[in-house]
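Taking it in order: structure first as structure tokens, then the write-up.
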Amino acid sequence: MVTQFYKSLFTEPNHGNVGFYMKYRFKPLEADVTQSIGGVVEKDEIRKAVFDMGAWKAPGPDGYPA
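According to the working numbering, the sequence shown is numbered sequentially starting from 15.
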């Protein structure tokens with residue numbers, strides 16, 4: 015009985031097809047953004063992007079907090 019309690023406490027329930035719900039959560043990416051995602055990212059580019067963001071600020075119009 016005790017082990018079953020902790021197993022259920024730390025086990026996530028199956029919510030079915032999460033992909034279906036996620037499809038409508040975010041705006042679709044524009045074509046130029048989609049193409050740039052597959053490119054090579056330099057270490058300096060990452061460093062600049064991270065250090066230029068303010069705490070809890072969004073890096074752009076996408077609304078994802080930093």
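C-beta atoms are modelled at their ideal positions from N, C-alpha and C, and glycine is treated no differently. Computed from a prediction, not measured in an experiment: that's the story for all the values here.
Express the C-alpha separation of PHE19 and ARG39 in angstroms, rounding to a whole number. One-based indexing of the sequence shown puts residue 39 at position 25. One-based indexing of the sequence shown puts residue 19 at position 5. Counting only the Cα atoms, PHE19 lies some 33 Å from ARG39.
In whole angstroms, what is the alpha-carbon distance linking GLY52 and LYS41? Locating residue 52 in the sequence shown gives position 38, counting from the first residue. Locating residue 41 in the sequence shown gives position 27, counting from the first residue. Between the C-alpha atoms of GLY52 and LYS41 there is a straight-line separation of about 19 Å.
For the alpha helix (DSSP H) holding LEU65, just list the boundary residues, first then last. Sequence index remark: in the sequence shown, residue 65 carries index 51 (1-based). Before going on, a small fix: residue 65 reads as Phe here, not Leu. Per DSSP, the continuous alpha helix (DSSP H) segment holding PHE65 begins and ends at 57-66.
What would DSSP say about VAL47, mapped onto helix, strand or coil? Counting from 1 along the sequence shown, the entry for residue 47 is found at position 33. The answer is helix: DSSP assigns VAL47 an H, G or I state.
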